[in-house]
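This report refers to the structure that appears directly beneath it.
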Amino acid sequence: MIEQTAWEFHEAARPDAASAFRAARGAFLAGHRLEMKELAVALGVNRATLFRWVGGRDELLAEVIWSIAEPTLRRAAAATSGHGAHRIASILGDFAHATNTSDAFRQFLLREPERALRLLTTRAGSVQHRIVSIVEDLLAEEISAQQLDPLLPVPELALLLVRITETFIYTDVISGEEPDAARVVRASLVLLGERPEQ
């Protein structure tokens, strides 16, 4: 059971879709399982109202995760120097490291592995295609700067790079191995036509 204090919600505020999202995000970051019934109670609304505001549990989880993943990926891009394949690979490696070391995300992944993989790595969720879109933009920047000349079309390459990143984020769930951001960098470099450092 999630205690009221787990929700980022103040009773003085009038509940709405934005406060529902903030409460759900706060609970997720605190490592709690997101339950729609408890969220509705915390907000003082019925479940029908909550579902009308934010959709179902899967939709809300996907939006909460995206609200964390997007700034994490953009911070990695802003903080990474260099050019071309090495910049792209480093960004993805930093994103994987940040994800792998997030207590809230790891708890969600281990608590609900099937749901996590479905929401984050398939078309059933909205997260993967948005990450792919950002990677497409990063690739386009390097191509425009004449720092990258990929052999694959950008949309295909971006999807493959995201798939590689996912492989080494979710590897403990998929194969029982430890997640490894360094392998994201090496595999991405190979895909981008560069020899990784030994």
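Residue numbers (the numbering used here): 14 to 211.
Just so you know, even glycine gets a beta-carbon here, dropped at the ideal spot from N, CA and C.
query, result
"Hey, how far is the Cα of Ala90 from the Cα of Ile156?", "16 Å"
"Would you be able to state if there are at least three C-beta pairs under 8 Å between the segment 80–95 and the segment 55–71?", "no"
"Can the beta-carbon of His110 be found closer than 8 Å to that of Gln160?", "no"
"Cα-Cα, which of Leu164, Arg87, Leu132 is closest to Asp107?", "Arg87"
"Using the three-state DSSP reduction, which class does Asp116 fall into: helix, strand or coil?", "helix"
"Use the C-beta contact count for Thr178: other C-beta atoms within 10 angstroms, 16 or more gives buried, fewer gives exposed.", "buried"
"Which class does Gly106 belong to by DSSP, given the choice of helix, strand or coil?", "helix"
"Given 8 Å as the limit, is there contact between the segment 119–128 and the segment 180–190, that is, 3 or more CB pairs closer than that?", "yes"
"Pick helix, strand or coil for Val58, following the three-state DSSP scheme.", "coil"
"What residue ranges within the segment 36–92 form continuous alpha helix (DSSP H) runs of no fewer than 4 residues, ordered along the chain?", "49–56, 60–67, 70–92"
"Starting from His142, follow the alpha helix (DSSP H) in both directions and report where the run begins and ends.", "140–157"
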